[in-house]
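In my numbering, the protein residues as written are 10 to 292.
Think of the CB as a built atom: it goes at the ideal place given N, C-alpha and C, for glycine as much as any other residue.
Computed from a predicted structure; not experimentally measured.
In structure tokens, the structure reads:
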């Protein structure tokens, strides 16, 4: 009996891996497909479809029409979009500047300060919720956009990722620019920032997703209907008895994740580039 060649074994192994990934992908995407199916189920608000099925028994756009009829979803979309836009700008900007400073800067206490920045990642959000609320309340900023947008300036994880990214870039780029008389800001904006496209896109996706899906903090600081975000609106679809309207809730959820999916699909190639570059050490 002839032994299997190395190429044949590799093909079999690749085939098994592909089948395994397909099965895992099906398991992961099934809840999403079921969510969309329930959104198109007209009677889902009365009787939740069970067992779960991907094809609606009574297909209808009723739940989606109900979601859009009062205009609250469009307002929530606008609020979430504005909050996410400014949060991404502040978060990414602070992370890039902080990461560059910790990577290429030379100042006293740099290591200690970097440890303190990383230490903030170990503090649970629940422990800072009340102090943050008191602080914003003292400045009379509760029930405005500022409490949602301003905390995004502090982005310890983003600073860590940017520092690791800038550490991979050759030091010769900075030294050559300094020889030509360029200052630190010019070196950053004209040399390092153009090379930071992959990590910038990665941080933008993470920041956008975090801001768009944020629920607990907006629930605490937002009271008026005109400022409610999509997650807050999603939590409002319930009957007087407190039983969730499953059809309307699933329809709203299906619509609410579209921006996150679009942003991810547009920028996913940059995430791959960022992961690839993180393993390269410039000399």
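Query, Result
"Which of helix, strand or coil DSSP assigns to residue 123", "helix"
"Local conformation of residue 78 per DSSP, three classes", "coil"
"Environment of residue 30 [buried if 16+ CB atoms lie within 10 Å]", "exposed"
"Cβ contact check for the segment 224-243 and the segment 103-123: 3 or more pairs under 8 Å", "no"
"Closest residue to residue 153 among 91, 62, 257 and 15 (Cα-Cα distance)", "91"
"Proximal residues to residue 72 (C-beta, below 6 Å), its chain only, five neighbours per side dropped", "48, 256, 257 and 260"
"Residue 68 (DSSP reduced to helix, strand or coil)", "strand"
"Same chain, Cβ closer than 6 Å to residue 276, neighbours up to 5 away in sequence not counted", "210 and 214"
"Of the residues 139, 19, 270 and 204, the one placed nearest residue 228, counting alpha carbons only", "139"
"CB-CB length for residue 161 against residue 216, believed under 8 Å", "7 Å"
"Assumed close pair residue 76, residue 271 - CB separation to whole angstroms, cut-off 8 Å", "About 19 Å; that fails the 8 Å criterion."
"Contact the segment 162-176 vs the segment 122-135: 3+ CB pairs below 8 Å", "yes"
"Span separating the alpha-carbon of residue 273 from that of residue 95", "18 Å"
"Backbone CA spacing between residue 230 and residue 102 [nearest angstrom]", "25 Å"
"Test item: CB-CB of residue 182 and residue 208 under 7 Å", "no"
"Proximity below 7 Å, CB of residue 70 to CB of residue 42", "no"
"With 16 other Cβ atoms within 10 Å as the buried cut-off, status of residue 175", "buried"
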